[in-house]
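Enquirer:
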Amino acid sequence: MRKHEVVVVGAGLAGQRAALAAIEAGREVAIVTKLHPLRSHSGAAQGGINAAVGADDSVDTHIYDTVKGSDYLGDQDAIEFFCKSAGPTVIEMEHFGTIFSRGADGSLARRAFGGAGFPRTIYAADRTGLALLQGLWERLGSERFTMYEEWELAKLVVRDGRVQGLIALDRRRGEFEGIAARSIVVATGPSGRVYGRTTNAHSCAGDGVSVAYEAGAFLKDMEFVQFHPTALLESSILITEGARGEGGILKNAAGERFMSKYAPHALELASRDVVSRSIVTEVREGRGFSGPYGGYVHLELMHLGKEKVESRLQEICDYSRLFAGIDPVTQPIPVYPAQHYMMGGVGTDIHGATNIAGLFAAGEAACVSVHGANRLGGNSLLDTLVFGKEAGIAAAEFAAKASTPELTAADVTEATAPYRAWSSRTDGEDPSALRKEMQQTMDRYAGIYRTESDLAEGLKRIRAVKKRFERVRVVDQSKVFNLNLTDAIETGEMIELAEVILVGAYARTESRGAHFRVDYPKRDDARWMKHTLAQMGPEGPTLSYSPVAFTRWEAKERVY
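Residues 1 to 560 in my numbering are what the sequence shown lists, from first letter to last.
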C-alpha cells in the first residue's frame, strides 16, 4: 500500500500552491493528477489576477467590490483576508518567475474588469493563467514530491472520524490502487462539464467535489453557477473579459450598444451575471443576430486598432481566426454566454478545512466563500493561490499531528466493486449517452433564467438519468487508458452534482447574483441571506443552511 503524509489531488494552481506550502512546512508530499500539471485548466484563464498594488488603488475598494459582486452572499471575513493577501501573492508569483505585462513606466500593467471600481487586474497579455502556472511549476520543482500522473480519483476513505486515504485509477495500467494519507487536499478544479455549453475543458468533471460529497463533506452554494457573457458562439471557447477591459463593446443586430440600457454606468464592465442576462434578453426579445448555432450578439474590438488588439489579446486573435474564421482586427466576434465557473464547491473555512477531519479543499473545487452568488473576473486566479497556500499549510499542520492512517486492500476491493460490475454486464446504459442527456437537461432547465417549473422538470429528468445510471455498462474490456471506464466514472460523479445544483436552485426562492428566478425576481435578504449546505443522503441531497459572515458592509441594492 502506498503511503504519504500529505496527498494533493489536482495539479493546477491551487494544487501546486498547496503542495509547495506543505513541502515548505516540512511534510512529505504526493500529487495525484489526471493531467500533466501544465495542462491543468488553470492555464485556460486568460484575463488577469486582481490585486490592489498601486498607490492609486486600495485594498478596501477591492474588498467592497468583491462583497458587492457577490451580491452580499460572500463571507466578509474571508473576503477581507483574501483581498489583503492579494498584493503579496502577486509579488510572490512575480518572484517565482511569472512574467507580467508592464506599463510604459515599467510598473505592473493593469486593466479594467467587470464589477470593479478600479482597473486593478494585473495580466500577462491574455495568457495570465498559463504564465502563473509555468512560474509556479518551476518554483515547485518535480523532484520535491511524488507525482502520480494520469491517475483518476475514485473514492475517499473516511473512517474513525477522519480521512484515511484515497482510491485512484492508474489509467496507464488500468489498475485501482489505494494511497494512504495523513491529510488530503482536494484541488481538482471545475465541474463545468455538468453543462453542455461551457468554457471548461473536457477534464473539468467535478471529480474531487463529487467524491468529497460521497465521503460526507458538505457542498456549499452549488446553485450559484456563473455564465461568462462572451463565449465564442459555436465552440464556447472563452473570449476573455479582458477584451471588454481593453475597450471592447457589445452590439445587437440593430447596431445598438445595448448595455447602456442595463448598466448605464459600467456598460460592458458590469458584473458577469448582469452582462450575461442582458445578452440573453436581447436575443430572446428578437434584437440579436440569428444563425445555425442560435442567437448571438457581436463583440467589437475593431475600433481599438490592430496593434492593441494583437499585442494585448493575442490568444483571442488566434481563437477567433482558427475556430470562427473571424479576424477581430477587422470583424466583430459572435458571442453568447456559456457556463464558466462554479461559485459553489466543497465547503471550507479560510484555511481549507472541511467538515471531515484531515480533508481540505482549495480552488474552484472549494467554496470558502469569497465569491458568494457571483464571482468577479480576476478573483479566481487569486483564489487558487491564496487558498491553495492556506490549505497546504493547514494540511501540513494536520499531518504533523495525525496518527498513521489505516488503509487496507479490503478498502480498495470494496470501493471498486461497482466498477467491476459495470464491466461484467452484457447489456446496460451507455455512459456517453447519459452524459449527453444530463448536459442537455442542465442547459435547458438550469441556465441563466430559472423558473420553478423548469427546475422541477430538470430535477425530474436528472433523477431519471441517475436511475438509469444504476445500469451503466462499460463495454471496453481493455486495461490501458480505458476511456469508456473513466467516462462512466466521471458521468456518475457529474450526475450527483447536477442533482445538488437543481435541488439548491429549486429551494432558493429569490434572485441573487448568478441565480435568477423569473418567478422570484427580487433578492430576499430576510429569508435567503444564508449559504446552502448540501450533504449526501439516502434519497439525494439533504439541505441545511449557515449564516453569511458580515463585518463592515451592510447589504444594499446592487447596481452598476
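Beta carbons: idealized from backbone N, C-alpha and C, even for Gly.
Fair warning: this is a prediction, and the values are worked out from it, not measured in the lab.
What distance in whole Å lies between the Cβ atoms of residue 299 and residue 376, which are believed to be in contact at a cut-off of 8 Å?
Expert: For this step, residue 376 is matched to residue 376 along the sequence shown. For this step, residue 299 is matched to residue 299 along the sequence shown. Contact flag wrong, Cβ pair sits at about 19 Å.
Enquirer: When you compare each of 523, 226, 333 and 410 to residue 275 by their alpha carbons, which one comes out closest?
Expert: In the sequence shown, counting from the first residue as 1, residue 275 sits at position 275. Closest by alpha carbon: 226.
Enquirer: What did DSSP end up calling residue 418 once you bin it into helix, strand or coil?
Expert: Position 418 of the sequence shown holds residue 418. Helix.
Enquirer: When burial is assigned at 16 or more other CB atoms within 10 Å of the CB, is residue 547 buried or exposed?
Expert: Against the sequence shown, residue 547 aligns to sequence position 547. Looking at its Cβ environment, which holds fewer than 16 other Cβ atoms inside 10 Å, residue 547 is exposed.
Enquirer: On a CA-only basis, which of 502, 115 and 139 is nearest residue 95? Give me that one, please.
Expert: Position 95 of the sequence shown holds residue 95. Comparing Cα positions, the closest option is 139.
Enquirer: Taking C-beta to C-beta, are residue 132 and residue 313 nearer than 8 Å?
Expert: Within the sequence shown, residue 132 is the residue found at index 132, counting from 1. Within the sequence shown, residue 313 is the residue found at index 313, counting from 1. No, they are not a contact pair.
Enquirer: Using alpha carbons as the reference points, say which of 12, 354, 71 and 27 lies closest to residue 515.
Expert: The count along the sequence shown starts at 1 and reaches residue 515 at position 515. When each option's Cα is compared against that of residue 515, the closest is 71.
Enquirer: Might you give, ordered along the chain, the residues of its own chain that have their beta carbon closer than 7 Å to the beta carbon of residue 550, omitting 5 neighbours on each side?
Expert: For this step, residue 550 is matched to residue 550 along the sequence shown. Closer than 7 Å at the Cβ level, and outside the excluded window around residue 550, lie 76.
Enquirer: Measure the alpha-carbon distance for residue 260 versus residue 252 and round it to whole angstroms.
Expert: Residue numbering aside, residue 260 sits at position 260 when the sequence shown is read from its first letter. Residue numbering aside, residue 252 sits at position 252 when the sequence shown is read from its first letter. Rounded to the nearest angstrom, the two C-alpha atoms are 12 Å apart.
Enquirer: I'd like the span of the beta strand (DSSP E) that includes residue 441, first residue to last.
Expert: Position 441 of the sequence shown, counted from the first residue, corresponds to residue 441. Note, residue 441: premise wrong, no beta strand (DSSP E); alpha helix (DSSP H) at 431-445.
Enquirer: From 92, 73, 465 and 408, pick the residue whose C-alpha is nearest to that of residue 49; which is it?
Expert: To locate residue 49, count along the sequence shown from 1; it is residue 49. Among 92, 73, 465 and 408, the Cα nearest to that of residue 49 is on 92.
Enquirer: Taking the C-alpha atoms as reference points, what is the distance between residue 114 and residue 241?
Expert: Here the question's residue 114 lines up with position 114 in the sequence shown. Here the question's residue 241 lines up with position 241 in the sequence shown. Each residue's alpha carbon lies about 7 Å from the other.
Enquirer: Using a 10 Å radius around the Cβ and a threshold of 16 neighbouring Cβ atoms, would you call residue 568 buried or exposed?
Expert: The structure shown does not extend to residue 568, since the chain is modelled only from 1 to 560, so the question has no answer here.
Enquirer: Does the separation of the CB atoms of residue 324 and residue 434 fall below 8 Å?
Expert: Indexing the sequence shown from 1 puts residue 324 at position 324. Indexing the sequence shown from 1 puts residue 434 at position 434. The answer is no: Cβ separation not under 8 Å.
Enquirer: In whole angstroms, what separates the C-alpha of residue 508 from that of residue 321?
Expert: Within the sequence shown, residue 508 is the residue found at index 508, counting from 1. Within the sequence shown, residue 321 is the residue found at index 321, counting from 1. Those two C-alpha atoms are separated by around 42 Å.
Enquirer: Under the three-state reduction of DSSP, which class applies to residue 546: helix, strand or coil?
Expert: Taking the first residue of the sequence shown as 1, we reach residue 546 at position 546. Reduced to three states, the DSSP call for residue 546 is strand.
Enquirer: Tell me the DSSP bridge mates of residue 45?
Expert: Against the sequence shown, residue 45 aligns to sequence position 45. Answer by DSSP bridge pairing: none, since residue 45 is not bridged.
Enquirer: Can you look up residue 170 in the DSSP assignment and give me helix, strand or coil?
Expert: Sequence index remark: in the sequence shown, residue 170 carries index 170 (1-based). DSSP places residue 170 in strand when its eight states are reduced to three.
Enquirer: Contact defined as beta carbons within less than 8 Å: I believe residue 148 pairs with residue 6. What is the distance between those atoms, to the nearest angstrom?
Expert: Taking the sequence shown and counting its residues from 1, the one referred to as residue 148 is at position 148. Taking the sequence shown and counting its residues from 1, the one referred to as residue 6 is at position 6. Not really, about 13 Å apart at Cβ, beyond 8 Å.
Enquirer: Do three or more CB pairs link the stretch 490-501 to the stretch 529-545 at distances below 8 Å?
Expert: Touching, per the Cβ criterion.
Enquirer: What whole-angstrom Cβ distance do residue 269 and residue 245 have, given they're in contact under 8 Å?
Expert: Along the sequence shown, read from residue 1 onward, the residue named residue 269 stands at position 269. Along the sequence shown, read from residue 1 onward, the residue named residue 245 stands at position 245. Rounded, the Cβ-Cβ distance is 7 Å, consistent with contact.
Enquirer: I'd like to know if the stretch 37-56 and the stretch 352-361 are in contact, where contact means that at least 3 CB-CB pairs between them fall below 8 Å.
Expert: The stretch 37-56 vs the stretch 352-361: no contact.
Enquirer: Determine, using beta-carbon pairs with one atom in the stretch 325-339 and one in the stretch 160-167, whether at least three such pairs fall under 8 Å.
Expert: Because the criterion of three Cβ pairs below 8 Å is not met, the stretch 325-339 and the stretch 160-167 do not touch.
Enquirer: Can you tell me where the beta strand (DSSP E) holding residue 359 begins and where it ends?
Expert: The count along the sequence shown starts at 1 and reaches residue 359 at position 359. Looking at the DSSP string, the run of the beta strand (DSSP E) that includes residue 359 is 359-361.
Enquirer: Looking at the strands, I want to know which residues DSSP matches up with residue 367.
Expert: As a first step, residue 367 is located in the sequence shown; it is residue number 367 there, counting from the start. DSSP output for residue 367 lists 347 as bridge partner(s).
Enquirer: Please work out which residues of its chain come closer than 6 Å, Cβ to Cβ, to residue 367, disregarding the five sequence neighbours upstream and downstream, and give them in chain order.
Expert: Translated into positions along the sequence shown, residue 367 becomes position 367. Within the same chain, residue 367 has close Cβ partners 220, 221, 344, 345 and 347.
Enquirer: Alpha carbon to alpha carbon, how far is residue 594 from residue 83?
Expert: This structure does not reach residue 594, given that the chain is present from 1 up to 560, and the question cannot be answered.
Enquirer: Tell me the DSSP secondary structure of residue 183 in three-state form.
Expert: The residue labelled residue 183 in the question sits at position 183 within the sequence shown. Residue 183: strand per DSSP, three-state reduction.
Enquirer: Does the Cβ-Cβ distance between residue 167 and residue 415 come in under 8 Å?
Expert: On the sequence shown, position 167 is the one that residue 167 refers to. On the sequence shown, position 415 is the one that residue 415 refers to. In contact: residue 167 and residue 415 (Cβ atoms closer than 8 Å).
Enquirer: What number of angstroms, rounded off, separates the C-alpha of residue 371 from the C-alpha of residue 74?
Expert: For the purposes of this step, residue 371 is taken as the residue at position 371 of the sequence shown. For the purposes of this step, residue 74 is taken as the residue at position 74 of the sequence shown. If you take the alpha carbons of residue 371 and residue 74, they lie about 5 Å apart.
Enquirer: Under a Cβ-count criterion, where at least 16 other Cβ atoms within 10 Å of its own Cβ denotes burial, should residue 282 be classed as buried or exposed?
Expert: Taking the first residue of the sequence shown as 1, we reach residue 282 at position 282. That one is buried.
Enquirer: Just list the alpha helix (DSSP H) runs in the stretch 276-318, keeping only unbroken ones of 4 residues or longer that don't cross its boundaries, in chain order.
Expert: Counting whole runs of 4 or more residues, the stretch 276-318 contains the alpha helix (DSSP H) stretches 306-312.
Enquirer: With burial defined as no fewer than 16 other Cβ atoms inside 10 Å of the residue's Cβ, what is the status of residue 401: buried or exposed?
Expert: As a working mapping, residue 401 is identified with position 401 in the sequence shown. Counting Cβ neighbours within 10 Å, residue 401 comes out exposed, since fewer than 16 surround it.
Enquirer: Have a look at residue 120 and residue 54 and give me their C-alpha separation to the nearest angstrom.
Expert: Here residue 120 corresponds to residue number 120 of the sequence shown, with the count starting at 1. Here residue 54 corresponds to residue number 54 of the sequence shown, with the count starting at 1. Going from the Cα of residue 120 to the Cα of residue 54 covers about 8 Å.
Enquirer: Counting only runs that start and end within the stretch 478-557, where is the beta strand (DSSP E) found for 3 or more residues in a row?
Expert: Those beta strand (DSSP E) runs which fall completely within the stretch 478-557 and span 3+ residues are 530-537 and 540-547.
Enquirer: Would you kindly report the start and end of the unbroken alpha helix (DSSP H) that includes residue 89?
Expert: On the sequence shown, position 89 is the one that residue 89 refers to. Per DSSP, residue 89 belongs to the alpha helix (DSSP H) from 86-95.
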